[in-house]
Amino acid sequence: MAFRRRPDVTYEMSGDRAVILDAAGTVMTTLNEVGTVIWCELDGARGAAELAADLAPRFDGIEIAALRADIDEFAASLLDAGLISED
Numbered sequence: 001m002a003f004r005r006r007p008d009v010t011y012e013m014s015g016d017r018a019v020i021l022d023a024a025g026t027v028m029t030t031l032n033e034v035g036t037v038i039w040c041e042l043d044g045a046r047g048a049a050e051l052a053a054d055l056a057p058r059f060d061g062i063e064i065a066a067l068r069a070d071i072d073e074f075a076a077s078l079l080d081a082g083l084i085s086e087d
């Protein structure tokens, strides 16, 4: 399954962090630098495995399997919050 940012969710960059506002406009979420990198790549074309393979060179010393697990966990939290969808 590929992950996509929901079109009714807005975000802005504040320095190197994404600030996300949910569709209802009531909950604001600020991501750390790593979360922001992943968030910006959620285009609906790739799932966790593909994202991990593509992003691994950007993070020194992390194995693809560990990055994939982190992406899966992060995506699950974004799904629970209604900020992304699965295609």
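Residue 54 in our numbering is what sits at position 54 of the sequence shown, and the numbering runs on without skipping anything. Beta carbons: idealized from backbone N, C-alpha and C, even for Gly.
Is G61 closer than 7 Å to M1 when the C-beta atoms are compared? Residue 1 sits at position 1 when you count from the first residue of the sequence shown. Residue 61 sits at position 61 when you count from the first residue of the sequence shown. Contact flag unset, no.
How many whole angstroms separate the CB atoms of L83 and D22, which I take to be in contact at a CB cut-off of 8 Å? Against the sequence shown, residue 83 aligns to sequence position 83. Against the sequence shown, residue 22 aligns to sequence position 22. Right, the Cβ-Cβ distance comes to about 6 Å (below 8 Å), so this counts as a contact.
Short Cβ contact (7 Å threshold) for I20 with T29: Working through the sequence shown from its first residue, we reach residue 20 at position 20. Working through the sequence shown from its first residue, we reach residue 29 at position 29. Cβ distance < 7 Å, so I20 and T29 count as in contact.
Could you have a look at A48 and say whether DSSP puts it in helix, strand or coil? Against the sequence shown, residue 48 aligns to sequence position 48. Reduced to three states, the DSSP call for A48 is helix.
Nearest-angstrom Cα distance between T10 and F3? Taking the sequence shown and counting its residues from 1, one reaches residue 10 at position 10. Taking the sequence shown and counting its residues from 1, one reaches residue 3 at position 3. A direct Cα-Cα distance of roughly 16 Å separates T10 from F3.
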